[in-house]
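Numbers in the numbering used here are just positions in the sequence shown, counted from 1, shifted up by 2. Data block below; observations after.
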Amino acid sequence: MIALRAVEDADGDALHAIFTEPGVRRYLFDDRLLTRAETQQHVEAACAHAAWVILSEGAVAGLVLSPNWCGDIVAGFAPARSDAFTTLIWLRT
Numbered sequence: 003m004i005a006l007r008a009v010e011d012a013d014g015d016a017l018h019a020i021f022t023e024p025g026v027r028r029y030l031f032d033d034r035l036l037t038r039a040e041t042q043q044h045v046e047a048a049c050a051h052a053a054w055v056i057l058s059e060g061a062v063a064g065l066v067l068s069p070n071w072c073g074d075i076v077a078g079f080a081p082a083r084s085d086a087f088t089t090l091i092w093l094r095t
């Protein structure tokens, strides 16, 4: 099952694992490897701007930023979670 919920500070470890995946950081962070502290700064900013995490089977599978914050929907997904990506495309259309 796929679900959306508001980002929480406690999502930092799960999002760091996603953000440090080569296929994710290539597009979201210009292939720069974030430190855990830098990831937490992104999580805190996401919390302040009404971002969501996508949950797949109860685990964090991705992050979705509000178009009100950045002008468009921006998302990062764990590579093995193509179901979460498919869900985002469905939500957007």
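Every residue, glycine too, gets a C-beta built ideally from N, C-alpha and C. It should be emphasised that the depicted structure is a prediction, and the values quoted were computed from it without experimental measurement.
Start and end residues, alpha helix (DSSP H) containing residue i
{"i": "residue 39", "result": "38 to 50"}
{"i": "residue 27", "result": "24 to 30"}
{"i": "residue 17", "result": "14 to 21"}
Nonlocal neighbours in the same chain, by C-beta distance under 7 Å from residue i, ignoring five residues either side
{"i": "residue 5", "result": "57"}
{"i": "residue 62", "result": "13, 16, 17 and 55"}
{"i": "residue 22", "result": "35 and 36"}
{"i": "residue 3", "result": "59"}
{"i": "residue 41", "result": "14, 17, 18 and 21"}
Nonlocal neighbours in the same chain, by C-beta distance under 6 Å from residue i, ignoring five residues either side
{"i": "residue 9", "result": "48, 49, 53 and 55"}
{"i": "residue 38", "result": "18"}
{"i": "residue 44", "result": "none"}
Those residues which DSSP pairs with residue i across a bridge
{"i": "residue 5", "result": "57"}
Burial state of residue i (16 or more Cβ within 10 Å)
{"i": "residue 25", "result": "exposed"}
{"i": "residue 13", "result": "buried"}
{"i": "residue 64", "result": "buried"}
{"i": "residue 51", "result": "exposed"}
Cutoff 8 Å; reference residue i; Cβ partners in own chain excluding five residues on either side
{"i": "residue 33", "result": "24 and 27"}
{"i": "residue 46", "result": "11"}
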